[in-house]
Amino acid sequence: MKKLQFKKDINASAQKVYEAMLGLKDKSTYEYWTSAFNPTSTYEGSWEKGSKIHFVGVDEHGKKGGMVSEIEEHQPAQFVSIRHIGFLDGDTEVTTGEQVEKWAGGQALLHESC
């Protein structure tokens with residue numbers, strides 16, 4: 030699997046970026062930045078360590094879909110590790126099979142850098 034890494038400097042405190050990216054005080058801040066991927070993008074679940082979280086949206090046919098993930102680590106305003114374990118087909122979680130095996134176990138790491 031090819032590993033991609035992106036870095037962006039943001040002129041704001043780590044706390045402010047953390048709250049906006051995760052939508053902790055206002056979910057619409059999360060939905061705003063993820064709308065670049067899908068205009069209906071949102072999440073269902075909790076950002077707490079060990080929690081399952083769904084990253085969801087609606088496709089051009091009005092069908093709900095997205096990723097099924099788990100919060101592996103969460104250190105507020107410093108680091109969040111998200112492990113992807115499957116996908117959503119409507120309201121059904123799909124966590125096994127050929128389609129899942131292609132990318133399950135992938136991670137998203139969000140962290141403050143000095």
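Quick note: the sequence shown uses the working numbering, first residue 30, plus one each step.
By construction, the Cβ of each residue, glycine as well, lies at the ideal position given by its N, Cα and C atoms.
As the structure is a computational prediction, the values presented were derived from the model and not from experiment.
The alpha-carbon separation between D38 and Q44 amounts to approximately 14 Å.
In this structure Y59 does not touch Y47 by the C-beta definition: roughly 11 Å separates them, more than the 8 Å allowed.
V87 is a Cβ neighbour of T69, given a cutoff of 9 Å.
Looking only at S98, I82, S75, the smallest Cα-Cα distance to K54 is reached by S75. Taking all protein chains in view, the Cβ of H83 is crowded by 16 or more other Cβ atoms within 10 Å, so the residue is classified as buried.
The criterion of a C-beta distance shorter than 9 Å is not satisfied by G52 and K92.
Under the criterion of beta carbons closer than 8 Å, E102 and S110 qualify as touching, at roughly 4 Å. Shown here for A106: same chain residues with a beta carbon closer than 6 Å to its own, the five before and five after excluded, namely A43, Q44, Y47 in chain order. Measuring C-alpha to C-alpha distances from F66 to each of E77, V85, A49 identifies V85 as the nearest.
Per the DSSP secondary-structure output, A137 pairs in a beta bridge with I111. Boundaries for T69: no alpha helix (DSSP H) harbours it, and the DSSP string shows neither H nor E there.
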